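Number of protein chains: 2
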Amino acid sequence: MSENYLILKGDICYTPSPEKMVCMEDGYLVCENGICKYVTKELPGKLLDFPISDYSGKLIMPGLIDLHVHAPQYSFRGLGMDMELLEWLNCRTFPEERNYQDETYAKRAYEIFAEDLRRGPNTRACVFGTLHVAGTLILMDELEKSGICAFVGKVNMDRNSPDFLREQSADESLANTKEWLRQVKKKEYHSVKPMLTPRFIPSCTDALMEGLKQIQAEWRLPVQSHLSENQGEISWVKELSPQSAFYGDAYDRFGLFGGDVPTVMAHCVWSEEEEQKRMKERGIYIAHCPQSNENLASGIAPVRAYLEQGMHVGLGSDVAGGAHMSIFRAMADAVQMSKIRWRLVDQSQKPLTVPEVFYLGTKGGGSFFGKVGSFESGYELDAVIIDDSIYRHPQKLSVEERAERLIYLHDGSTVLHKFVAGKQLF
Amino acid sequence: MSENYLILKGDICYTPSPEKMVCMEDGYLVCENGICKYVTKELPGKLLDFPISDYSGKLIMPGLIDLHVHAPQYSFRGLGMDMELLEWLNCRTFPEERNYQDETYAKRAYEIFAEDLRRGPNTRACVFGTLHVAGTLILMDELEKSGICAFVGKVNMDRNSPDFLREQSADESLANTKEWLRQVKKKEYHSVKPMLTPRFIPSCTDALMEGLKQIQAEWRLPVQSHLSENQGEISWVKELSPQSAFYGDAYDRFGLFGGDVPTVMAHCVWSEEEEQKRMKERGIYIAHCPQSNENLASGIAPVRAYLEQGMHVGLGSDVAGGAHMSIFRAMADAVQMSKIRWRLVDQSQKPLTVPEVFYLGTKGGGSFFGKVGSFESGYELDAVIIDDSIYRHPQKLSVEERAERLIYLHDGSTVLHKFVAGKQLF
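For the record, the sequence lines run as chains R and C.
The opening residue of the first sequence carries number 9 in my numbering; numbering runs sequentially from there.
The opening residue of the second sequence carries number 9 in my numbering; numbering runs sequentially from there.
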């Protein structure tokens, strides 16, 4: 039946593996019931009369995946970049996150976040809210309206944060979390789902972590948090959790570190060997956030080593550690940072290539959401149609060259159409 | 006389020194005969009836200064970023530059370059052309039409380059240069001026350098070239010029290294102490090109040390080593790279601040052009009027915060009006 089919025509580009970028000029992406069937240069006869969405001359790429973004921080992206992590949290982040206890402010700010996310090239995201139940529900409402697929977390934090942004006990934090989950259930969201979100070890008492473990067991939720971002943070975790063998072990003690629990850990800049080993065993998803790691002077994660070990790696904007929500920018930043790492730190680790970062920003992170981030058979249709003709060029370029150039030049103004989970948003 | 006056009203921001960003909401910038007189919160009585260009709510900033850009490389910005300098020159740059012997191609490509430069936030630039006389004149014609103030160089290169992009002898290169200068003189350009441009030591024989010294003495031209960008390049210069004490000395031997000769040297990533000392003595302008130094895996220049020694430093896009022509992007890159340098290389050198990079991208580089890059009394009026309202924010921001945010977020689409050397371009 033609109505079950969606056929997109244009210049197609995707990465089935980190080594291989498939590019096809004037190709067709054939989908049935929102699922990719195949990419072809010539339509088979039986499809010739089916309606075609003709994007000739435009790039058709998988939607981009942001494995780590703080929605309430979008409002101060590009501001206050003169500090390291712990000072930045206290001076910039926490005071701003406090504003989200005001539902009017939360609505105003999250509307901007969701609308900008919708207009940009990302189609899925793992999103931190704040500790506020009502505010986080507003965020989820706005994301649901936007059509973006997202895991969203009400943040848990019951220690080492200012009075104005701290749950006063583990019990309070856990009760809030359960209340939030009950409300989420009632809302019957379609594209937005809850995710457990202990902020990071320094913000969460053992009692809170223990309670979250039980909530996880009951609700079967995925988990997101931060790991080994900054050296000061790591030393602090050592003090706070002396019984842990390494930072990640402090999550693992409470069963919140992969295994049966789908888990995203942001950063992993300074993960030592033992931590890397555990991450690999547990199938942890690493959200590599290169721009944030520059802005907060954290360092440069050894992404090449993670890839070589066959670990799960995707990209994160980490707004507002990063100033840019587009994962195209994260791709370019990842290449650039890997070059600086190669030059200044370790010449045995070759810089990342364009196909590799394209993979990280699509299929690499996408697999956290299922069969997402590629145009291979069986993948959900997440796609962006991009007009790159604004980047004028005196000669004709290949699709591969246009894709590479787009990673560097994309400025958020050129997404013409967008499909998420088989549905066209615009 | 009111017709000699130009009064701009809006949210004004400039940096008289690296330490100080002056910000004034709803201020007036008063200019007479194209020269800034003062910035004021209240207009004096005698000016109250004068016409005012009202840009209320918009940012008014000095035009940005690009101390190092390769016009023929603009066509492949964001492409071929998988190599280091010397390989990249051979595989990407030289084959593209060859195209500019075709005047039709040169015209098509330089039109794009000049139009994009005109529309962006930069108002002045030091520009490399190619070795082609006709092509470089086309570039100068296009820049003159654009209204941008530029020093432009026909490139000299008579060794270590492929046959298709090399002048066959020093004599040929010098004859071409003289012919180019005669043509330039005839053209009577208004805002575009010639600049001697030996590509870099590996491309120029001693005979060529000796001849350029004589041309410099006769024509009193400023000079631009490359210095200590890449470690492989530096070793090569040591081999090629064993009599030189250091890379910069290879220019200095021919009197093409500052002193009475206004000189811009791009990169200076790996300048050793002796080279730094000579650069300071000779008043060399350092064009710091942070993004290029990432893309070509060159390293991170010690800009803080240069500033502390009171050396002249400005910013360069180094298109196409850098993919972005906007010097706002170079400002953000400079901050980010300085943080990575602090983290990974030298914690005694504090990261650059936003006022510092704003200074580098305006007055720091601007002083190469005279009293340019600030709104202080006596400065030529170079200004851009920027609508930053597209970066929506849930709360009101100060002018200083808006300026900081713009450095990170500017995507080239928001320059509403532009003034160069007292004249309004649009």
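Backbone N, C-alpha and C fix where the C-beta goes; we use that ideal spot for every residue, glycine too.
Because the structure is a prediction, the values reported are computed rather than measured.
Simplified DSSP assignment, three categories, for residue 388(R): strand
Contact list for residue 367(C) against chain R, beta-carbon separation under 8 Å: Under the 8 Å cutoff, chain R gives no residues; its nearest Cβ is about 15 Å from residue 367(C).
Cα-Cα separation, residue 337(R) to residue 410(C): Distance between residue 337(R) and residue 410(C), taken at the CA atoms: about 21 Å.
Per-residue burial, residue 228(R) [other beta carbons within 10 Å of its own, 16 or more giving buried]: exposed
CB of residue 85(R) within 8 Å of CB of residue 327(R), strictly: yes
Spatial neighbours of residue 347(R) in its chain, beta-carbon cut-off 6 Å, leaving aside the 5 residues before and after: 359
When 376(C), 345(C) and 147(C) are compared against residue 361(C), the one with the closest alpha-carbon: 345(C)
Contact set between residue 351(C) and chain R, taken where Cβ atoms lie within less than 8 Å: Simply 305, 306 and 307.
Limits of the unbroken alpha helix (DSSP H) element including residue 18(C): Membership of residue 18(C) in any alpha helix (DSSP H) is not indicated; the residue belongs instead to the beta strand (DSSP E) covering 13-25.
Neighbour-count burial assignment, residue 297(R), 16 or more Cβ in a 10 Å radius: With 16 or more Cβ atoms within 10 Å of its Cβ, residue 297(R) is classed as buried.
For residue 383(R), the nearest candidate out of 9(R), 15(R), 10(R) and 11(R) (CA to CA): 15(R)
Residue 317(C) beta carbon less than 8 Å from that of residue 264(C): no
Close beta carbons around residue 217(R), own chain, < 6 Å, minus the five adjacent residues each side: 262
Alpha-carbon to alpha-carbon, residue 100(R) and residue 405(C): For residue 405(C) and residue 100(R), the distance between alpha carbons rounds to 14 Å.
Residue 272(C) at chain R interface by Cβ criterion, 8 Å: Not an interface residue.
Contact set for residue 245(R): own chain, Cβ-Cβ below 7 Å, skip 5 residues either direction: 209, 210, 255 and 258
Spatial distance of residue 374(C) from residue 381(C) (CA atoms): 5 Å
Inter-residue Cα distance where the pair is residue 115(C) and residue 243(C): 37 Å
Endpoints, the alpha helix (DSSP H) within which residue 335(C) is located: 335-352
Short Cβ contact (8 Å threshold) for residue 70(C) with residue 36(C): no
Contiguous beta strand (DSSP E) assignments of at least 3 residues, all confined to the region 286-333 of chain C: 293-296 and 320-323
Element boundaries [beta strand (DSSP E), containing residue 439(R)]: Examination of residue 439(R) is not possible in this model, given that chain R is present from 9 through 434 alone.
Proximal chain R residues relative to residue 343(C), where beta-carbon distance stays under 7 Å: 89
Buried or exposed by the 16-neighbour rule on C-beta atoms within 10 Å, applied to residue 9(C): exposed
Cβ of residue 242(R) within 8 Å of any chain C Cβ: no
Length-filtered (3 minimum) beta strand (DSSP E) runs lying within the region 44-91 of chain R: 61-70 and 72-78
Cβ contact check for the region 276-283 of chain R and the region 301-312 of chain R: 3 or more pairs under 8 Å: yes
Endpoints, the alpha helix (DSSP H) within which residue 236(R) is located: Careful: residue 236(R) lies outside any alpha helix (DSSP H) and carries neither H nor E.
Bridge partners - residue 393(R), DSSP secondary structure assignment: Answer is 68(R) and 425(R), bridged to residue 393(R).
Residues that residue 115(R) bridges to, as DSSP identifies them: None; residue 115(R) has no bridge partner.
As assigned by DSSP and simplified to three states, the class of residue 34(C): Looking at residue 34(C) - three-state DSSP - the assignment turns out to be strand.
Three-state class that DSSP yields for residue 253(R) in the structure shown: Note: residue 253(R) maps to coil in three-state DSSP.
Environment of residue 403(C) [buried if 16+ CB atoms lie within 10 Å]: With fewer than 16 other Cβ atoms within 10 Å, it is exposed.
Short CB-CB distance (under 8 Å) between residue 219(C) and chain R: It does not; no Cβ of chain R falls within 8 Å.
Continuous alpha helix (DSSP H) stretch holding residue 130(C): start and end: Under the DSSP assignment, residue 130(C) falls outside any alpha helix (DSSP H), being part of the beta strand (DSSP E) whose first and last residues are 130-136.
Buried or exposed (CB count within 10 angstroms, at least 16 for buried), residue 25(R): Answer is exposed; the Cβ neighbour count stays below 16.
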